[in-house]
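Sequential numbering from 9 applies to the sequence shown in the numbering used here. Beta carbons are placed, not taken as given, at the ideal position from N, Cα and C, and that holds for glycine.
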Amino acid sequence: MGKIHALPGDGCRHYIFGRCLYQERLNPGYRRSYRCQVLNRWERAYDDFLNRADAMGVDQESVSGLWAIQFQRMAREAFHCRNHVFNHDDHRPPACRNEMDGLCVLGLPKCGGRCRHFEIDAAELEQEET
């Protein structure tokens with residue numbers, strides 16, 4: 009007897025580069041493992057910076073300038089992410105092909121094909137109608 013395979017998931021509104029966005033769309037931001045590691049690291053560094061600035065009594069006007077200097081230094085350093093693939097078309101940090109709206113596409117679960125959450129992508133329907 010032959011093996012039964014699921015239909016491919018492309019064409020689904022949750023499908024992105026062989027991965028599934030369903031869980032992220034259901035609960036945005038719930039799973040930190042879906043987030044870009046580089047952006048997570050920068051957010052933690054910013055929080056630490058604000059805590060230190062507050063503890064040292066740095067005035068609010070100086071904080072943004074100091075953070076700009078700190079961030080420039082951090083952005084020039086290596087990203088320390090095994091999934092980082094430089095995107096020449098994107099000029100905003102972290103300029104990674106795998107980053108999409110703060111998510112790491114490779115961190116999302118793989119699409120196993122059409123499932124109970126399959127929904128036809130409205131953009132594809134519009135293309136077919138024209």
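Residue i - DSSP class collapsed to helix/strand/coil
{"i": "I128", "result": "strand"}
{"i": "F79", "result": "helix"}
{"i": "R21", "result": "coil"}
{"i": "F87", "result": "coil"}
{"i": "R52", "result": "helix"}
{"i": "L74", "result": "helix"}
{"i": "R33", "result": "helix"}
{"i": "L58", "result": "helix"}
{"i": "L111", "result": "strand"}
{"i": "R40", "result": "helix"}
Between the CA atoms of residue j and residue i - distance to the nearest angstrom
{"i": "A14", "j": "F57", "result": "49 Å"}
{"i": "G65", "j": "N59", "result": "10 Å"}
{"i": "R81", "j": "A53", "result": "12 Å"}
{"i": "G73", "j": "P16", "result": "50 Å"}
{"i": "D55", "j": "P117", "result": "29 Å"}
Classification of residue i by the beta-carbon crowding that lies within 10 angstroms, buried from 16 upward
{"i": "N106", "result": "buried"}
{"i": "H88", "result": "exposed"}
{"i": "L34", "result": "exposed"}
{"i": "H99", "result": "exposed"}
{"i": "R27", "result": "buried"}
Same chain, Cβ closer than 8 Å to residue i, neighbours up to 5 away in sequence not counted
{"i": "R43", "result": "G37, G110, L111, C112 and G115"}
{"i": "E127", "result": "C20, R21 and H22"}
Own chain partners of residue i with C-beta closer than 7 Å, once the 5 adjacent residues on each side are dropped
{"i": "N95", "result": "A103, C104 and R105"}
Option nearest residue i by Cα separation, candidates the options
{"i": "R90", "options": "R27, G26 and Q45", "result": "Q45"}
{"i": "Q31", "options": "A131, H92 and C119", "result": "C119"}
{"i": "M108", "options": "F126, D129 and L29", "result": "L29"}
{"i": "E85", "options": "L74, R122, P101 and K11", "result": "P101"}
Contacts around residue i, its chain only, beta-carbon distance under 6 Å, and the 5 residues preceding and following it disregarded
{"i": "V71", "result": "A61"}
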